[in-house]
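So the structure is just underneath, and the comments pick up after that.
Protein chains in written order, with UniProt numbering: chain A, 1 to 796; chain B, 1 to 208.
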């Protein structure tokens, strides 16, 4: 065996291409395609009285202009509600093009296809829409008050009310020696991938086939939706996802109106058609997340042990519910983190507002849940005058308690049962990394310099690798090269590298001989998608299993050829040999032998023709076998695997300006066995950057009429490298998952989850005033100081 | 969004009230106003070309004057739409007699939609104030020096529906005296139009 690849810091092979600008994205495909543009509602809530497209019809260069009236059959029906749930009693989805009513600024109303985007946009400007304005419902308070309704037939703006409990929380709180109640709030934000949405489609009239290129997190999902909406057989539709410039959750939604309209236009016009979203469109017509308000009641003992926890929260899901209740369900379950409250009850309302839809954004409801739980832990510590880490420690699930059943149902409909973890060990690591025990010395030293610093800690548990399944196909070519396909898509996670490491290890081939294809339905038509930190767990496991099958076949054929026992064979650098001898055969030759030929085409294939191989008394391909050196397998776990982590941050809050500076950021992370620590750390870095954004900068500034006031990068603040800590100290813990063959857990979202919780704690610690709403800007902190005069006086 | 401000015109309130209600004055004084058409009692359709720096374009809109209290104030209902955005606004305009001058205060509650709502809204308040000041300054000049000759002399054209249509004078035309009842209406509309024109116009222009 060569060096084991699993666990090695292998440099990402895709970066050479991506960093040099030779990545191939949807917009790079079909440069001669016609371009589509979409007329979007300028109003948050309005009835469409009339749409006049006459002025567009004879514009030179315009090939099509459609409104809802031009759509037929399934295309004229509302878009699918992707994830139904029994408690989602009032789910609503939009039409591909608005019918009668618009419910948020940016909702698609008309669709134009023209020679280029300039002509298409000029054409849009000529469409005259008459609106009757309706009152807009903006923000959770307005939705909850329900003076006005988003949808006339949804009373109280409530799409769903869901409740779960484990034990009698109310009774436990009533009987507890100490109780607290808290109100906690998180604002809206959005993922903001560098590449927005984009779709290209070609209709091939000779084959009656549709080819769709789209920037998605699920090519099989798009394929199924396009086929259903256009009335095509699944077999007529190929969906290919090339390089994707970031997903972060927003691209798991499908089909977007454009993902249906573009293929339909390609089919009707017989030309390739392209839609490339611009930045403003991304702000107002893709998806947001995060906005929630929470009320917590907690009862605890003298040690800070939580005896009963009751959480009521309100989730703003925007104008429609295509992605069901996934985000609030995750908040309601993952809020528990590494803790085991004596009893827990949670209830949430998922509310309509006249704003952009909500779908999972990296972390997906967990940043809110973590914020709520960790603020509660800090409040308990403050109430009892105890160390914040100690209060957490008494609430931890202990290492010998796994698997630990939280007694709830998770977002995948399966038990919320933690598979493994070691939270006390993790706490010890994070305390050491941030020098927790000596922080008061540091604070005193800084105070002597006239500076104000604070330390925050936040712990989380993240269900990763949700089902139902992923698959993989491994094919060893006669050249010895290994072609691997898995159906889920890549948005920069380093799948080419990580998956090739798994294959190289299992097959005994050289890492550089492995080529990974993702997100192409022609190569792997059965897949689910890339979300919920599931790619490594799901496809990684499937690839491992498929490679194992391929290896078994290779060894069986090689054993025959080498006249040896399978158990005596090993594969190193793509060559099968009998251990301890010089008897060997390259895998490429094994591939030749695996496919009995009648016709030779080169020197190698001569060896496989029927006069040269096989037992003449038996069929060339055995009854239970098939030609080719290939293996295919699927991985489908019983439930999610639960990764965990703890972040600690030290901030300095400027005494004069309330500017918040990050002095130190530390992460301890447990995602089971690491395939590639360099990639995992890269994921953590990216996650922490987004966590900093969510805690200190990013918000969606809607005015009361539903206009998004900061729909550009001039006004929407994202952290640059200058706002992200220059160094993030990372330590790993590896408690393997028992649920998959590689013992791995997901790592993609982890870095972002505890951001708001940790920063809120650190700022509170610095300022000695309660931080109950995030994100927080220097201006808001300044204002908070004014309303909490005691500290201001104390510091003087 | 809410925009409020005030400007002083160096003329007695009656004069200003008169001036501000004359469509011919409006056409001449509203920055970027190209055409004004009476569509009913105290109701106008208008075309305003306006913009901020490179973002320019033409808006179609309407203006309805309500609650006219002679020399005291009025309410304007404005609607405008152009490629980059829409506006719906209610503007309360009050006139205050301040001896030799008249102080006009405006208080606009505007719903700005489309691209201008999301991209330019933070700039609109200051741009609106600047354009309002320009408008009121123009009105002051007209009161003092009269309308441009071409405007004053021209009879209004008549639209297909028979409504009078007022076109703007060529730039740099010489001022001449003018006045009259309808003149007044004009300038009031102007205040609103400016706001509309500005707000809407500010974002006008082609996307990209």
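Here a beta-carbon is modelled for each residue, glycine too, at the ideal position from N, C-alpha and C.
These figures come from a predicted structure and were not determined experimentally.
*Which residues, in order along the region 330-346 of chain A, keep a beta-carbon less than 8 Å from a beta-carbon of chain B?*
Sequence-ordered contacts of the region 330-346 of chain A with chain B are nonexistent [C-beta pairs closer than 8 Å].
_For the ligand HEM, I want to know if residue 99/B counts as a neighbour, meaning its beta carbon is within less than 7 Å of at least one of the ligand's heavy atoms._
Among the ligands in the structure shown, none appear at all, so the ligand HEM cannot be discussed.
*asked:* What would DSSP say about residue 568/A, mapped onto helix, strand or coil?
replied: Helix at residue 568/A.
*asked:* Could you check whether the Cβ of residue 25/B sits closer than 8 Å to any Cβ belonging to chain A?
replied: No, no contact with chain A.
*chain A contact residues for residue 1/B, given Cβ-Cβ distances below 9 Å*: Those within 9 Å of residue 1/B in chain A are 703, 705, 707, 709.
*Any chain A beta carbon closer than 8 Å to residue 199/B*: Because residue 199/B carries a pLDDT of 44, less than 50, the predicted location of this residue cannot be relied on, and no value is offered for it.
*For residue 188/A, which residues in chain B fall below 8 Å Cβ to Cβ?*
Chain B residues near residue 188/A: none, gap ~14 Å exceeds 8 Å.
_So if I threshold CB-CB distances at 7 Å, which residues from the region 23-43 of chain A count as touching chain B?_
Of all residues in the region 23-43 of chain A, 42, 43 have a Cβ within less than 7 Å of some Cβ in chain B.
*What residues of chain A sit near residue 115/B, judged by a beta carbon separation below 7 Å?*
Neighbourhood of residue 115/B in chain A, by CB distance below 7 Å: 280, in chain order.
*asked:* Output needed for residue 764/A: all residues of its chain with C-beta closer than 8 Å, excluding positions within five of it in sequence on either side, in chain order.
replied: Cβ within range, chain order: 378, 454, 456, 770, 771.
*Comparing the C-beta of residue 797/A with each C-beta of chain B, is any distance below 8 Å?*
Because chain A here runs from 1 to 796, residue 797/A falls outside it and cannot be looked at.
_Residue(s) in a DSSP beta bridge with residue 40/A_ = Looking at the DSSP assignment, residue 40/A forms a beta bridge with 108/A.
_Please report whether the beta-carbon of residue 97/B lies at a distance below 8 Å from any beta-carbon of chain A._
The beta-carbon of residue 97/B is placed no less than 8 Å from the nearest beta-carbon of chain A.
*Is it right to say residue 70/B is buried, meaning 16 or more other beta carbons lie within 10 angstroms of its own, or is it exposed?*
A residue is called buried once 16 or more other Cβ atoms fall within 10 Å of its Cβ, and residue 70/B, having fewer, is exposed.
*Under the rule that 16 or more other beta-carbon atoms within 10 Å means buried, what is residue 784/A, buried or exposed?*
Counting Cβ neighbours within 10 Å, residue 784/A comes out buried, since at least 16 surround it.
*Report the rounded CA-to-CA distance for residue 696/A versus residue 283/A, giving the unit in angstroms.*
One C-alpha to the other measures close to 19 Å.
*Using the beta-carbon count (16 or more within 10 Å), is residue 32/B buried or exposed?*
So residue 32/B counts as buried.
*At what residues does the alpha helix (DSSP H) containing residue 395/A begin and finish?*
Where residue 395/A is concerned, the enclosing alpha helix (DSSP H) stretches over 388-395.
*asked:* How far does the beta strand (DSSP E) with residue 163/A in it extend, from its first residue to its last?
replied: Residue 163/A -> beta strand (DSSP E) spans 158-166.
*In terms of DSSP beta bridges, what is residue 212/A paired with?*
201/A, 239/A.
*Beta carbon of residue 800/A nearer than 8 Å to that of residue 733/A*: Residue 800/A lies beyond the range of chain A shown here (1 to 796); nothing can be said about it.
_Helix, strand or coil for residue 811/A? Go by DSSP, reduced to three states._
Nothing about residue 811/A can be read from this structure; chain A reaches only from 1 to 796.
_Could you pull the DSSP bridge partners for residue 348/A from this structure?_
Under DSSP, residue 348/A shares a beta bridge with 162/A, 313/A.
*Using the beta-carbon of each residue, which ones in chain B are nearer than 8 Å to residue 133/A?*
Result: 88, 111.
*Identify the continuous beta strand (DSSP E) that holds residue 459/A and give its terminal residues.*
Start and end: 453-464.
*Which residues in the same chain have their Cβ closer than 6 Å to the Cβ of residue 499/A, if we skip the five residues on either side of it in sequence?*
Taking C-beta separations shorter than 6 Å and ignoring five residues to either side along the sequence, the partners of residue 499/A in its chain run 516, 543, following chain order.
*Burial state of residue 19/A (16 or more Cβ within 10 Å)*: Looking at its Cβ environment, which holds fewer than 16 other Cβ atoms inside 10 Å, residue 19/A is exposed.
*Kindly indicate which residue of 222/A, 323/A, 679/A, 161/A has the alpha-carbon position closest to the one of residue 492/A.*
Of the candidates 222/A, 323/A, 679/A, 161/A, the one whose C-alpha sits nearest the C-alpha of residue 492/A is 679/A.
*Which residues in chain A sit within 8 Å of residue 80/B, going by Cβ to Cβ distance?*
The CB of residue 80/B never comes closer than 8 Å to any CB in chain A; the least such distance is about 11 Å.
*To which residues of the same chain is residue 335/A closer than 6 Å at the C-beta, ignoring the five residues directly before and after it?*
Hits under 6 Å: 369, 372, 373.
*Answer with buried or exposed for residue 66/B, where buried requires no fewer than 16 other C-beta atoms within 10 angstroms of its C-beta.*
By the Cβ neighbour-count rule, residue 66/B is exposed, with fewer than 16 other Cβ atoms within 10 Å of its own.
*Looking at the structure shown, is residue 129/B part of a helix, part of a strand, or coil, going by DSSP?*
Three-state result, residue 129/B: helix.
*Which same chain residues, not among the five before or five after residue 172/B, have their C-beta less than 6 Å away from its C-beta?*
At residue 172/B, the pLDDT of 37 sits below 50, so the modelled position is not reliable and the matter cannot be decided from this model.
*asked:* Quick check on this structure: which residue in 658/A, 652/A, 277/A has the alpha carbon closest to the alpha carbon of residue 38/A?
replied: Considering only 658/A, 652/A, 277/A, the residue with the shortest C-alpha distance to residue 38/A is 277/A.
*Which residue's Cα is closest to the Cα of residue 24/B: 12/B, 13/B, 37/B?*
Among 12/B, 13/B, 37/B, the Cα nearest to that of residue 24/B is on 37/B.
*Any idea which residues DSSP pairs residue 16/B with across the strands?*
As DSSP reads the structure, residue 16/B sits in no beta bridge.
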